Amino acid sequence: MAFGGGFLSSQPPLVALDSFSLDLHETPAQITTIAGESGSGKTTLANLVLGFITPTQGQILYKGVDIAQMDRRQRMTYRQEVQAIFQDPYEVFNPFFRIQHTFNLAMRHFALAGDKAERRELIEDALNVVGLRGDEILEKYPHQLSGGQRQRVMVARAYLLRPRLIVADEPVSAVDASLRAMILDIMLRLRDEHGISFLYITHDLSTAYQIGDNMIVLFQGITAETGDTGRIIENPQHPYVQELINSIPVPDPKVKWDTDIRLPAEETMRIQGVEGTADGCRFYPRCPHGMDVCLEEQPPLIQVEGDHTVACYLYEDGVEERVKRSEK
0 MAFGGGFLSS QPPLVALDSF SLDLHETPAQ ITTIAGESGS GKTTLANLVL
50 GFITPTQGQI LYKGVDIAQM DRRQRMTYRQ EVQAIFQDPY EVFNPFFRIQ
100 HTFNLAMRHF ALAGDKAERR ELIEDALNVV GLRGDEILEK YPHQLSGGQR
150 QRVMVARAYL LRPRLIVADE PVSAVDASLR AMILDIMLRL RDEHGISFLY
200 ITHDLSTAYQ IGDNMIVLFQ GITAETGDTG RIIENPQHPY VQELINSIPV
250 PDPKVKWDTD IRLPAEETMR IQGVEGTADG CRFYPRCPHG MDVCLEEQPP
300 LIQVEGDHTV ACYLYEDGVE ERVKRSEK
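What follows is the structure, encoded as structure tokens:
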């Protein structure tokens, strides 16, 4: 996914997501975490999956059909079965309408109920799933709700359509610790009790560890490491992921947090790739294990164990000899 530099700009296009591949299976329902720092391509991925933007290369297939080539009926089904939860619910709701309007609009658009009584029953069921009651919520305006209530209303609104996948883009970053735990628990129950999968986008590795089944760590639009969430966080292999894990302070006052993060001296990449992207490893300028081969080509995903893969030449056969040569 590339973004152009503008009509009058001489800057090359910026590749926000490069050579990315992801398979999400309908059963069993799983929570797949997309993690990484700001600018890694997480939100670009969410926008692609939700159909807000179209890829400059590649395809997004849903049940074998390219979403860019779907007819009207297929697109309506896709929009119903793939829902979203955003970081700031206040920007989602129209402040001029009551909460009831938000649910009614969705039900009319997708023709979910035949009469008013059936609509009310479906709405009450969705609110109950997130721990809210209709008589306390539906007649209020968005500004009359707390941040946690607005966030749960947005989850209920997504669940109302009985989706197969929910794209959750930083859903707990704007709430306090107690509400964070509540929303994460709701996501787990939706997965376990209702068979809904999640694409959970976050920079918070602690919440990813709590609820994630699988994890993909992005760095500047490139996949750095993939695999089981627990395995990656407990035993990270990619130097970038190791730095991310080591930067998290231990919640123990007796344990000193190592703030002395040692990085190699900054150096300019010796090559420039097509369309402004580096042919080599994008983490090379910050990597303590940089080798000559890292400047030649972006490392492929190398299998470490099971489904655990790492985009790093350290795990390629013959790396010991390369390390010796680079140290001379």
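Letter 2 of the sequence shown, counting from 1, is numbered 1 in numbering that gives the first Met the number 0, and no numbers are missing.
Note that CB positions come from ideal geometry on N, CA and C, so glycine has one too.
Source: prediction; values computed, not measured.
Item, Value
"Distance between Leu300 and Tyr283 (C-alpha atoms, nearest Å)", "16 Å"
"The segment 222-236 contacting the segment 54-65, beta-carbon criterion three pairs below 8 Å", "no"
"Asp32, buried or exposed, once every other Cβ within 10 Å from all chains shown has been counted against 16", "This sequence places Thr at residue 32; Asp is not what is there. Its Cβ being crowded by 16 or more others within 10 Å, Thr32 is buried."
"Alpha-carbon spacing of Gln29 relative to Gly194, whole angstroms", "8 Å"
"Stretch-stretch touch, CB-based, cutoff 8 Å, three pairs: the segment 134-153 with the segment 39-50", "no"
"As assigned by DSSP and simplified to three states, the class of Gln79", "helix"
"Classification of Gln143 by the beta-carbon crowding that lies within 10 angstroms, buried from 16 upward", "exposed"
"Alpha carbon of Met67 to alpha carbon of Val81, nearest angstrom", "Residue identity differs from the one stated: residue 67 is Ala in this sequence, not Met. Near 15 Å, if we compare the C-alpha coordinates of Val81 and Ala67."
"C-alpha gap between Ala207 and Ser20, whole angstroms", "20 Å"
"For Ala34 and Ile244, the rounded distance between their alpha carbons", "12 Å"
"Beta-carbon gap between Ala173 and Gly211 smaller than 8 Å", "no"
"As assigned by DSSP and simplified to three states, the class of Glu315", "coil"
"Burial state of Thr101, where buried means 16 or more other Cβ atoms lie within 10 Å", "buried"
"Sub-8 Å separation of Ala116 and Leu159 beta-carbons", "no"
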